[in-house]
Amino acid sequence: MSLGGQQLLEYLEKLPGTAFRRLYQSPATALAIFRRMLSYHAKVIVRGLLYMPDPFPLTSLDIWFPPEGGGKIHRDRTIAALRSLHILQVSPPSKDRTQEIQITTSFKKGLQLAFEGGGEDGSFGVPSSLPVDPSIDIAYLDKYARKKWDDILHYVVNSLGVHGSSEGVSGPKASVKELLLAGRLVERRPDTRTGIGITQAGFTFLLQESNAQVWTLLLLWLEAADHAADSGMDSIDMLSFLFMLSSLELGTAYDTSALTETRRNMLPSLVDFGLIYFPRDTRQFFPTRLATTLTSTASALRTVSSAFTAATANPSGEPGTTTSTSGGPAATPDKTQTAAKGIIIETNYRIYAYTTSPLQIAVLALFCQLNMRFPNMVSGRLTRDSIRQAIGFGITADQIISYLHAHAHQQMVREATVTGKPVLPPTVVDQIRLWQLENERMQTTAGFLFKDFESTEEYAALSRYAEEIGVLVWKNDKRQLFFASKHEQLRDYLKSRKKGE
Amino acid sequence: MPRAIRGVLIQCEPAIKSIIVHLDSVNNDIIIEDLDEQTLVVKENMVQLLKQKLEDRLKETYRPEEPLADSD
Numbered sequence: 001m002s003l004g005g006q007q008l009l010e011y012l013e014k015l016p017g018t019a020f021r022r023l024y025q026s027p028a029t030a031l032a033i034f035r036r037m038l039s040y041h042a043k044v045i046v047r048g049l050l051y052m053p054d055p056f057p058l059t060s061l062d063i064w065f066p067p068e069g070g071g072k073i074h075r076d077r078t079i080a081a082l083r084s085l086h087i088l089q090v091s092p093p094s095k096d097r098t099q100e101i102q103i104t105t106s107f108k109k110g111l112q113l114a115f116e117g118g119g120e121d122g123s124f125g126v127p128s129s130l131p132v133d134p135s136i137d138i139a140y141l142d143k144y145a146r147k148k149w150d151d152i153l154h155y156v157v158n159s160l161g162v163h164g165s166s167e168g169v170s171g172p173k174a175s176v177k178e179l180l181l182a183g184r185l186v187e188r189r190p191d192t193r194t195g196i197g198i199t200q201a202g203f204t205f206l207l208q209e210s211n212a213q214v215w216t217l218l219l220l221w222l223e224a225a226d227h228a229a230d231s232g233m234d235s236i237d238m239l240s241f242l243f244m245l246s247s248l249e250l251g252t253a254y255d256t257s258a259l260t261e262t263r264r265n266m267l268p269s270l271v272d273f274g275l276i277y278f279p280r281d282t283r284q285f286f287p288t289r290l291a292t293t294l295t296s297t298a299s300a301l302r303t304v305s306s307a308f309t310a311a312t313a314n315p316s317g318e319p320g321t322t323t324s325t326s327g328g329p330a331a332t333p334d335k336t337q338t339a340a341k342g343i344i345i346e347t348n349y350r351i352y353a354y355t356t357s358p359l360q361i362a363v364l365a366l367f368c369q370l371n372m373r374f375p376n377m378v379s380g381r382l383t384r385d386s387i388r389q390a391i392g393f394g395i396t397a398d399q400i401i402s403y404l405h406a407h408a409h410q411q412m413v414r415e416a417t418v419t420g421k422p423v424l425p426p427t428v429v430d431q432i433r434l435w436q437l438e439n440e441r442m443q444t445t446a447g448f449l450f451k452d453f454e455s456t457e458e459y460a461a462l463s464r465y466a467e468e469i470g471v472l473v474w475k476n477d478k479r480q481l482f483f484a485s486k487h488e489q490l491r492d493y494l495k496s497r498k499k500g501e
Numbered sequence: 001m002p003r004a005i006r007g008v009l010i011q012c013e014p015a016i017k018s019i020i021v022h023l024d025s026v027n028n029d030i031i032i033e034d035l036d037e038q039t040l041v042v043k044e045n046m047v048q049l050l051k052q053k054l055e056d057r058l059k060e061t062y063r064p065e066e067p068l069a070d071s072d
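The listed protein sequences correspond, in order, to chains C and B.
When we follow the UniProt record's numbering, the leftmost residue of the first sequence carries the number 1, and every step to the right adds one.
When we follow the UniProt record's numbering, the leftmost residue of the second sequence carries the number 1, and every step to the right adds one.
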């Protein structure tokens, strides 16, 4: 699962059961959750049980998870994951009956509807029957979404106040700026040129791939709606709408009059994020690639690197002035431009980045000591101090390594393929990791300490259960203490255990 | 019923742990539970402060990098 999926999962796990029942009323949501949020094994279980009329004995699952080879732990973790999404119900353990599992009614109904079609009209959007402007094609939408999203990234990066100008960048709407502020990706700092400064979370945001970035922003938006209860926005309905958007087809016009009023009210914000394109004076909207890839594993609009190249390749690219004739080159900028650009890293920690993008240079400056700038490249080196500084910002060594890897110059990639060696020099990769370890004197895990057990049995049962569902972090049998990363399911387990006695 | 206490588990070397215990001994406002030589649970809101204090303490052992003689 990608980073974006992980964030969404954490958000979903915090929702109450009633929220899930409402979410699953929409077949699009049930399908999106099934497609995106479930592991392979979880999908197997859901597919197997979906059309089963009666509950299924838990022990029969052993056929799919052979007990030898750690099958039981695997099985229990899959079930725990399905339960946390309210997809699976497990009957409480008792002495005279075997435990049974079944798909929750709401999810079952939603997913069945999604597979069979039927149910309410328009759950997957209603294509517009009005004539469509032929100039709005996929290339145009891609360009539009890219511009919108780059504006947001530029805003975050420019708040750094590093080199480069912000010419040709109009910046995001005030509402988006407020969202970035509220989400603490940037914060107000009167001492900087722009009046705002980037935060740790902002750095992490910049280095994420775009799908994860989109989800970060959308979840901030949902949370903001939760807090402002009087705004008339309902985060569950919003989430449901996002899932619906993700099932729409790119390049097709959809009818806005088929949407409920609350959803129509959401459109302006989604336009600000670049998730949809909304031509003036029509009753149509177009989902962009940012929206349609929300819950798919297909690559989103573009990687961070192509955002850099896109940003510089077309500094005056106003969406309104382009026509479909310019769609040709715009559709394939990733291939043509990243070929000529990229980062070369040598075993002596020197870095040469062939780029002119202020965005990429700013990102590099986060973890490199940049020394010189030429018309088409910057040079610098990785030092212990520069890496320490980056780690201080909240960037991890793995993020830096994967960034360097993803943006390596083609010549390095070619060389690596020919000689069969890794793309990045191993010495450099190891050293970056070592520099991080030097800083991480302690490993921290947030969670809950369980103590004061009534009996040894209670301790043994609960700690074993915690281990089975994969939340146990540390335990000490002698002192009967353990530490778990989550407590909800453990609490439920304790309750059902008390009842069973 | 057992109790569940919210906190942050810290796993570190014994030397680092002893520094944390020392920092806590001033106000007793950091540690929730001392688990063993390499593990303890601290208050969630104190982690950032703790990290910073630890960093200050360890600065004494940090040798600044020597500038490289060669040019770029």
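From the three backbone atoms N, C-alpha and C, an ideal C-beta is built for every residue, glycine too.
Here the structure is a predicted model, which means the values were calculated and not measured.
Proximal chain C residues relative to residue i, where beta-carbon distance stays under 8 Å
i	result
residue 8/B	444, 445, 446 and 447
residue 23/B	Result: empty, since nearest Cβ-Cβ is about 12 Å, beyond 8 Å.
Test: residue i CB closer than 8 Å to a CB of chain B
i	result
residue 473/C	yes
residue 481/C	yes
residue 441/C	yes
residue 452/C	yes
residue 303/C	In this prediction, residue 303/C scores a pLDDT of 47, lower than 50, which makes its location untrustworthy; the coordinate-derived value is nonetheless stated afterwards. Residue 303/C does not count as touching chain B.
residue 487/C	yes
residue 458/C	yes
Per-residue DSSP class, three states only, for residue i
i	result
residue 199/C	coil
residue 208/C	coil
residue 369/C	strand
residue 90/C	strand
residue 45/B	helix
residue 439/C	helix
residue 215/C	helix
residue 228/C	coil
residue 51/C	coil
residue 149/C	helix
residue 426/C	helix
residue 156/C	helix
residue 33/B	strand
residue 488/C	helix
residue 253/C	coil
residue 53/B	helix
residue 25/C	coil
C-alpha gap between residue i and residue j, whole angstroms
i	j	result
residue 386/C	residue 65/C	48 Å
residue 306/C	residue 407/C	Interpretation of residue 306/C is limited by its pLDDT of 47, a score under 50 that renders its predicted location unreliable; the figure taken from the coordinates is listed afterwards. About 10 Å.
residue 215/C	residue 201/C	14 Å
residue 451/C	residue 287/C	51 Å
residue 97/C	residue 60/C	14 Å
residue 28/C	residue 371/C	51 Å
residue 17/C	residue 274/C	31 Å
residue 449/C	residue 477/C	14 Å
residue 262/C	residue 223/C	17 Å
residue 184/C	residue 151/C	18 Å
residue 187/C	residue 155/C	12 Å
residue 80/C	residue 343/C	43 Å
residue 1/B	residue 453/C	7 Å
residue 55/C	residue 92/C	13 Å
residue 463/C	residue 475/C	8 Å
8 Å Cβ cutoff met for residue i and residue j
i	j	result
residue 30/B	residue 7/B	no
residue 235/C	residue 226/C	yes
residue 383/C	residue 399/C	no
residue 41/B	residue 49/B	no
residue 21/C	residue 130/C	no
residue 221/C	residue 179/C	yes
residue 253/C	residue 127/C	yes
residue 37/C	residue 9/C	yes
residue 39/B	residue 10/B	yes
residue 247/C	residue 31/C	yes
residue 175/C	residue 272/C	yes
residue 395/C	residue 204/C	yes
residue 102/C	residue 49/C	yes
Any non-hydrogen atom of the ligand GTP closer than 7 Å to residue i Cβ
i	result
residue 364/C	In the structure shown, the ligand GTP is absent, as is every other ligand, since no ligand is present at all.
Cβ of residue i within 8 Å of any chain C Cβ
i	result
residue 31/B	no
residue 60/B	no
residue 11/B	yes
residue 14/B	no
Partners in chain B for residue i, counting only beta-carbon separations shorter than 9 Å
i	result
residue 476/C	35, 36 and 39
Partner residues on chain C for residue i, Cβ-Cβ distance less than 9 Å
i	result
residue 48/B	Going along chain C, no residue has its Cβ under 9 Å from residue 48/B, so there is no contact; the nearest lies around 10 Å.
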